[in-house]
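One structure below.
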Amino acid sequence: MTPKFIVVTLLLASTATFLGMRSNVDQVPPSLPLSQLPQQIGAWKSRDIALDPAVLQILGDGRFLNRLYMESSSAGPTQIPAGPIGLFIGYFPTQRTGQAIHSPQNCLPGAGWTFLSEHPITLTDEDGKNYDIGEYVITDGNIKQEVLYWYRAHGRSISSEYRAKFYMIADAMRYNRTDGALIRIITPMQPGETQQQVHDRAISFAKKLAPMLPAYIPD
1 MTPKFIVVTL LLASTATFLG MRSNVDQVPP SLPLSQLPQQ IGAWKSRDIA LDPAVLQILG
61 DGRFLNRLYM ESSSAGPTQI PAGPIGLFIG YFPTQRTGQA IHSPQNCLPG AGWTFLSEHP
121 ITLTDEDGKN YDIGEYVITD GNIKQEVLYW YRAHGRSISS EYRAKFYMIA DAMRYNRTDG
181 ALIRIITPMQ PGETQQQVHD RAISFAKKLA PMLPAYIPD
């Protein structure tokens, strides 16, 4: 067992104990279903991808969106076709009953991906609002992908799993709310592309997506 695994396990156990001592009814504002998130965001049009029942069982009792967005504008004869954007959102109206947001740092290695780099960055959306998000570059054999992710709860966007847990406990005490979500964007590097081009594509999509989220993940 790694020290990080032990810390996460102890943190989850203490969080579950604390929440079990509080009221079991969260005061969550109403929000739109994730399924109503626009099928087209900017130049990207999407189709829904069904999650495997085994994956749903692991994720637990939440609300989930899993889509593949493709850029509708066609590339010219000398241009590299833009890679797809995979969008996953997992929203939990409550985390009191053992349900918890699954960190990409655990899920991606479990699926066979290796981290080449990871660091926090600041995303500035099209309205000029800043978000604290995380960026990974991952690989599996000859496949390389860019990953952007953040935890969203009560108007905050956080890249750190530990800070997200801290704020969840604080907001349970202050507001009787434990709801929260994970937003994850993944796009593969196409043959002939640079890492900067892949990064720019993911950022461009995230800038358009981020201002839409409060309607589906309440502040």
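Last residue of the sequence shown: 219 in this note's numbering, with the numbers rising by one and none dropped. Positions of the beta carbon are idealized from the N, C-alpha and C atoms, including for glycine.
| Query | Result |
| --- | --- |
| Taking the straight line between their C-alpha atoms, what separation do you get for Gly98 and Ile58? | 12 angstroms |
| Here's a check: name, in chain order, each residue in its chain whose Cβ is nearer than 7 angstroms to the Cβ of Ile143, leaving out the five neighbours to either side. | Pro188 |
| Just to confirm before moving on: does the CB-CB distance between Val147 and Ile89 stay below 8 angstroms? | no |
| On the CB-based measure, 16 or more other CB atoms within 10 Å of its CB, does Arg177 come out buried or exposed? | buried |
| Do Arg184 and Tyr167 have their CB atoms nearer than 8 angstroms? | no |
| Would you decide whether Met21 is buried or exposed? Buried here means 16 or more other CB atoms lie within 10 Å of its CB. | Unreliable placement is indicated for Met21, whose pLDDT of 46 sits below 50; the coordinate value is still reported in the next sentence. Under this definition Met21 is an exposed residue. |
| Would you check if the distance between the CB atom of Glu126 and the CB atom of Lys207 is smaller than 8 angstroms? | yes |
| Ignoring anything shorter than 4 residues, give me the alpha helix (DSSP H) runs that lie fully in the region 104-151, in order along the chain. | 104-110 |
| Apart from the five residues just before and just after Phe64, which ones in its own chain have a Cβ nearer than 8 angstroms to its Cβ? | Leu34, Leu51, Leu56, Phe88, Ile89, Gly90, Tyr91 |
| Quick one: complete alpha helix (DSSP H) runs, 4+ long, within the region 29-109? | 53-59 |
| Shorter than 7 angstroms, the distance from the beta carbon of Ile217 to the closest heavy atom of the ligand ZN, or not? | Ligands displayed in this structure: none; no statement on the ligand ZN is therefore possible. |
| Within this structure, are the beta carbons of Gly42 and Ile101 separated by less than 8 angstroms? | no |
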